[in-house]
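Below is one structure, written out as structure tokens; comments come after it.
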């Protein structure tokens with residue numbers, strides 16, 4: 001039997017400029033943490049469990065959400081295409097407010113706590 005896949009239903013998948021506009025740029029009042037990955041490498045499925053833990057630990061007191069986007073399918077992210085390490089972009093009210101390179105979950109959690117509007 002294959003291993004059970006972690007629940008990633010709370011992560012918005014972004015695959016186009018329209019989805020980027022609707023989910024990130026036009027989003028207001030909520031921090032959006034975008035996991036930007038290269039299609040060459042694909043998203044790191046091992047991070048889903050960490051995202052899940054953070055989401056369920058913090059989402060009742062903080063206003064934030066997670067999204068994933070392939071750098072080569074969303075034109076505004078093209079500079080990040082080909083990167084071996086995931087890049088995490090933090091957007092609030094349509095503006096990038098922070099960036100973390102690499103799966104540094106302790107720093108990501110701290111940024112979510114620092115930047116997310118309180119509920």
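In full-length UniProt numbering, the protein residues as written are 1 to 119. Note that the Cβ used here is the ideal one computed from N, Cα and C, for glycine as well.
By the Cβ neighbour-count rule, residue 68 is buried, with 16 or more other Cβ atoms within 10 Å of its own.
Sequence-distant partners of residue 28 (beyond 5 residues in either direction) whose C-beta falls short of 6 Å from its own C-beta, in its chain, are 93.
Membership of residue 10 in any alpha helix (DSSP H) is not indicated, and neither H nor E is assigned to it by DSSP. Between the alpha carbons of residue 23 and residue 37 lies a distance of about 17 Å. In this structure, residue 39 and residue 74 do not form a Cβ contact; the two beta carbons are roughly 11 Å apart against a cut-off of 8 Å. Excluding sequence positions up to five before and after residue 11, its CB lies within less than 6 Å of the CB of 66 and 68, all in the same chain and listed in chain order.
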